[in-house]
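Trainee:
Numbering (our numbering), first residue to last: 408 to 771.
1. Would you mind giving the Cβ-Cβ distance between residue 599 and residue 542, rounded to the nearest angstrom? I have them listed as a contact below 8 Å.
2. Taking the beta strand (DSSP E) that residue 651 belongs to, which residues open and close that run?
3. Looking only at its chain, what residues have a beta carbon closer than 8 Å to the beta carbon of residue 711, apart from the 5 residues adjacent to it on each side?
4. I'd like the ranges of any beta strand (DSSP E) spanning at least 3 consecutive residues and lying wholly in the stretch 613-652.
5. Short check: CB of residue 620 to CB of residue 602, under 9 Å?
6. Using 8 Å as the Cβ pair cut-off and three pairs as the minimum, do the stretch 515-532 and the stretch 576-590 touch?
7. Mark residue 534 as exposed unless 16 or more other C-beta atoms lie within 10 angstroms of its C-beta, in which case mark it buried.
8. Looking only at C-alpha atoms, which of 653, 452, 615 and 536 sits nearest to residue 624?
9. Throw me the rounded Cβ distance for the residue 479 and residue 509 pair, which I believe falls under 8 Å.
10. DSSP three-state label for residue 691, please.
11. Give the C-beta separation of residue 626 and residue 674 to the nearest angstrom, bearing in mind that I take them to be a contact with Cβ-Cβ under 8 Å.
12. Quick one: Cα of residue 583 to Cα of residue 695, how far?
13. State the Cα-Cα distance for the pair residue 558 and residue 610, rounded to the nearest angstrom.
14. Do you know how far the Cα of residue 750 is from the Cα of residue 770?
15. For residue 445, which three-state DSSP category applies?
16. Whose CA, out of 617, 608 and 756, lies closest to the CA of residue 690?
17. Quick one: grab the DSSP three-state call for residue 560.
18. Among the candidates 630, 567 and 622, whose CA atom is the shortest distance from the CA of residue 507?
19. Is DSSP giving residue 710 helix, strand or coil here?
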C-alpha cells in the first residue's frame with residue numbers, strides 16, 4: 408500500500424546467464440507445510456519516527472501518551488512490520504531509521520517483518536522505480552545490487568541483536584519489480600532472478616527467516632496463480648505468499664469506493680486455501696485496512712478476516728498485519744495536515760490521537 412495521491416527479449420536472454428539464482432529448473436510442488444509458531448497479529452508502523460519528529464503524540468484509549476511501538480503491544484499486537492527504502496531523500500525508512508524502529512520492537516519482545524521495496528520511495532502495483540543509484544544497471548548488476556542491499560540491511564540488524572522472523576523481497580510486486588528490467592509481464596524470468604537474488608541474500612544472513620513474495624488484492628485468485636505459476640516455472644523461490652487485503656475496489660474514474668468486506672474476505676480466504684494446495688506454501692496477510700471513520704465496520708472486517716483465516720486450519724495463514732494504524736487524515740491542529748499526514752485515510756486512530764474500536768480486533 409502507498410499513500411493515494413497519491414526490446415526486452417535481449418534483456419531476457421542476457422538475464423539467463425547473469426544471475427545464477429534464477430537458473431533453477433521448476434520443481435514439483437512440495438507437500439503443504441503447516442506454519443510454525445503463533446498466528447501473528449501485526450502492525451506496520453513505518454511512519455512512526457517521522458510522525459514523532461513532526462510533533463505527533465500517540466495515546467492509548469484512556470488518553471495517556473505512549474510511544475507508538477509500545478502502544479501497539481498494549482493494544483494486542485505481537486509483531487511489527489517495517490519498510491526499507493534504498494536511498495530515501497530524508498532518511499526515513501533508510502538503514503538508520505529502520506534500525507531505530509526495529510530496536511524498539513526487539514526491546515519489547517515483538518516479532519519483526521522487514522519489507523524491502525527496492526526503490527528510493529514507494530514500490531507498489533502502480534510503480535516499481537529503480538533506485539537512482541542503480542539506474543543504467545544491467546540485469547546482472549541489478550541482481551547484485553538487490554543482494555548487496557538486502558544483505559547490508561539484514562547484517563546491520565543482526566549486528567544489533569535483531570532477528571526478523573519474516574522478510575519481504577519486494578512490496579506488492581504484482582507485476583514484478585525494478586521496472587522495466589524486472590517487469591513480470593515483460594520478462595517473468597528476469598523478475599524471478601531479481602526476486603531470487605533477494606531470497607538468497609536473506610538466507611545468507613538469516614537462514615531461518617521466512618521469505619515472502621507479496622502482491623496486492625488478496626481477493627484476486629487469477630493474479631496470484633499467474634504470478635506464482637510464472638515464478639515457479641522460472642525457478643523462483645519463496646517461503647510464504649504475502650497479500651494485501653483492503654475491502655474496497657477501484658472504479659473506472661480512478662476513485663476508491665466502499666466495497667462489501669464480507670465478499671472480499673470470502674474471496675481472500677478461498678484464494679488462500681487454493682494457493683496452499685497449488686504451491687505448498689502458507690500465506691501472510693501483510694497489509695489490511697479500512698477507512699478510519701468506519702471503526703465499527705473496520706472492526707467487523709478485521710475480526711472476520713482474522714477468524715476465517717485462522718479457521719482454515721493446518722497453518723494455511725500465518726497472521727494478519729494492519730497497515731499504518733496510527734494515522735488519521737483529520738487530525739488537528741492544521742499543522743498535521745500541512746505536514747502531509749492528511750493524505751492516508753485507512754488508519755485506525757481518531758482526531759484525539761487515540762485508537763479506534765477497529766484495533767480491538769487484535770486483542771484476542
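Note that beta-carbon positions come from the ideal geometry of N, C-alpha and C, so glycine has one too.
Mentor: A quick look at the data gives this:
1. For the purposes of this step, residue 599 is taken as the residue at position 192 of the chain shown. For the purposes of this step, residue 542 is taken as the residue at position 135 of the chain shown. 22 Å between Cβ atoms; not a contact.
2. Here the question's residue 651 lines up with position 244 in the chain shown. Start and end: 647-652.
3. Here residue 711 corresponds to residue number 304 of the chain shown, with the count starting at 1. Counting only Cβ-Cβ distances below 8 Å, and skipping sequence neighbours, we find 668, 669 and 672.
4. 617-622 and 647-652
5. In the chain shown, residue 620 corresponds to position 213, counting from 1. In the chain shown, residue 602 corresponds to position 195, counting from 1. Closer than 9 Å, so yes.
6. yes
7. In the chain shown, residue 534 corresponds to position 127, counting from 1. Result: exposed.
8. In the chain shown, the residue the question calls residue 624 occupies position 217. Selected option, being the one with the closest Cα: 653.
9. Numbered from 1 along the chain shown, position 72 holds the residue referred to as residue 479. Numbered from 1 along the chain shown, position 102 holds the residue referred to as residue 509. Not really, about 13 Å apart at Cβ, beyond 8 Å.
10. The residue you call residue 691 lines up with position 284 of the chain shown. In the structure shown, residue 691 sits in a strand (DSSP, three-state: E or B).
11. Translated into positions along the chain shown, residue 626 becomes position 219. Translated into positions along the chain shown, residue 674 becomes position 267. Their Cβ separation, rounded to whole angstroms, is 4 Å, which keeps residue 626 and residue 674 in contact under 8 Å.
12. Within the chain shown, residue 583 is the residue found at index 176, counting from 1. Within the chain shown, residue 695 is the residue found at index 288, counting from 1. Computed Cα separation, rounded: 21 Å.
13. Your numbering for residue 558 matches position 151 in the chain shown. Your numbering for residue 610 matches position 203 in the chain shown. About 9 Å.
14. Position 363 of the chain shown, counting from 1, holds the residue named residue 770. Position 343 of the chain shown, counting from 1, holds the residue named residue 750. The straight-line gap from Cα to Cα measures roughly 28 Å.
15. Position 38 of the chain shown, counted from the first residue, corresponds to residue 445. Reduced to three states, the DSSP call for residue 445 is coil.
16. As a first step, residue 690 is located in the chain shown; it is residue number 283 there, counting from the start. Selected option, being the one with the closest Cα: 617.
17. Translated into positions along the chain shown, residue 560 becomes position 153. Residue 560: helix per DSSP, three-state reduction.
18. As a position in the chain shown, residue 507 is number 100, starting the count at 1. Among 630, 567 and 622, the Cα nearest to that of residue 507 is on 567.
19. Position 303 of the chain shown, counted from the start, is the residue given in the question as residue 710. It is helical.
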